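Residue numbers (this note's numbering): 61 to 466.
As structure tokens, this is what we get:
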């Protein structure tokens, strides 16, 4: 209520005169929010011209100081989610350390300077600073890289859901890695804390430079692809050994390529590559669980083959080759470029993904983890170790500083 002229004063006096007349006839409680103390004093002075009882006799005003400073970080996170369709702050290159650092800066200010709106303005300013910086880096990248971590053990669906985003109406964000579950396994680990300052993790999960996904591949889909394309991939395991109940124990009907292709088309991996809509919710039991169980022994034997690769056994390369061939065959209509165990298409990036899928607008690196360890900690360890390798390569190529805590 800024009063600049005699005209303003006359208008305000008239307002309070009319208001006083209204209050004499009707018992009305009016709550008037004011953000500047001078405005409150002006209102009280004008009101005194007509009535000494227009303001409450005992509580003429209630002074709200706003939320406590300790709640500012939580308010900022919820504000970002509310105005961005549920997206977390981590998807905007902001993290918990940023909010805490700003809060600590506010603690050094006088109490009257503790204003949540100013705090939120500072958060927005930091976001703009970060995004402007990253935009310069991203403009120098020919094609963005995505790294997808694939876990094919029978229990993988239940474990992966703790680490990955599932939004049925947004296919591009399905299976995007979540910040908080991974951060949990960084916080208590000395070496990981050194490798993964908070801003580096947000950068690794969701930017044009690098997007990370974590998903499962049903074990039966993996096994059917391996046995159906075993000859093409030159896997040194005979059909008889695959079928032997004392070895891999693979059912007879798994060996057809058509079955392998059809099974693959129902997996999150295929649906992500093809841009299809993922089914919502957890897959039902019954035939699905039976298929997973029938593939368990073969998966355990393949894990044994891979683990013993240093002693002259198979290793994971031929299995990756079989999956690559199955994907290439099943996705032939999309004109993707598939490579297996070859260097990243960007010559300066010296890393060999298990499978590389190059589309018209991005490079997708598939990393398969043939582990039998079904604990969440093992999944987090594998993802963070591999992701660190990718980040180091990208940092070297694009000159990104190790610690992005501007």
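Think of the CB as a built atom: it goes at the ideal place given N, C-alpha and C, for glycine as much as any other residue. Small disclaimer: the values here were computed from a predicted structure and weren't measured.
Measure from the alpha carbon of residue i to the alpha carbon of each residue in the options, then state which is nearest.
i	options	result
residue 235	156, 275 and 258	275
residue 241	437, 448 and 447	437
residue 374	385, 361 and 386	361
residue 69	91, 97, 81 and 105	105
residue 285	79, 355, 245 and 237	355
residue 417	429, 431 and 389	389
residue 183	252, 160 and 209	160
residue 133	313, 99, 177 and 421	177
residue 426	446, 420, 410 and 432	446
residue 215	457, 430 and 450	430
residue 439	122, 158 and 244	244
residue 312	302, 306 and 318	302
residue 175	135, 115 and 254	135
residue 72	144, 97 and 108	108
residue 100	455, 121 and 292	121
residue 96	173, 188 and 127	173
residue 123	91, 144 and 137	91
residue 334	292, 393 and 306	393
Note down the Cα distance separating residue i from residue j, rounded to an integer number of angstroms.
i	j	result
residue 434	residue 156	29 angstroms
residue 231	residue 329	12 angstroms
residue 141	residue 290	47 angstroms
residue 444	residue 358	27 angstroms
residue 247	residue 265	17 angstroms
residue 93	residue 442	54 angstroms
residue 401	residue 378	10 angstroms
residue 408	residue 256	23 angstroms
residue 204	residue 269	5 angstroms
residue 118	residue 179	33 angstroms
residue 193	residue 165	23 angstroms
residue 209	residue 170	49 angstroms
residue 462	residue 211	In this predicted model, residue 462 has a pLDDT of only 47, less than 50, meaning its place in the structure is not dependable enough to derive any value.
residue 364	residue 308	11 angstroms
residue 102	residue 250	59 angstroms
residue 218	residue 457	36 angstroms
residue 261	residue 87	59 angstroms
residue 466	residue 294	Residue placement at residue 466 cannot be trusted, given a pLDDT of 37 that sits under 50; what the coordinates show is reported in the next sentence. Roughly 51 angstroms separates the two Cα atoms.
residue 306	residue 292	25 angstroms
Look at residue i and residue j and say whether their C-beta atoms are less than 8 angstroms apart.
i	j	result
residue 279	residue 352	yes
residue 376	residue 366	yes
residue 321	residue 386	yes
residue 422	residue 195	no
residue 391	residue 327	no
residue 267	residue 222	no
residue 129	residue 163	yes
residue 224	residue 147	no
residue 75	residue 110	no
Could you pull the start and end residues of the beta strand (DSSP E) that residue i belongs to?
i	result
residue 267	Element bounds for residue 267: n/a, residue is neither H nor E.
residue 427	423–428
residue 209	205–211
residue 418	415–418
Using 8 angstroms for Cβ pairs, my map puts residue i next to residue j. What's the rounded Cβ distance?
i	j	result
residue 398	residue 419	Their Cβ separation, rounded to whole angstroms, is 11 angstroms, which puts residue 398 and residue 419 out of contact at 8 angstroms.
residue 411	residue 453	5 angstroms
residue 414	residue 380	5 angstroms
residue 154	residue 187	6 angstroms
Quick one: give me the first and last residue of the alpha helix (DSSP H) that residue i is part of.
i	result
residue 285	279–288
residue 384	377–390
residue 139	132–143
residue 164	156–167
Strictly under 8 angstroms for the Cβ-Cβ distance: is residue i near chain C by that measure?
i	result
residue 87	Although the question refers to chain C, the structure presented lacks it and comprises just one protein chain.
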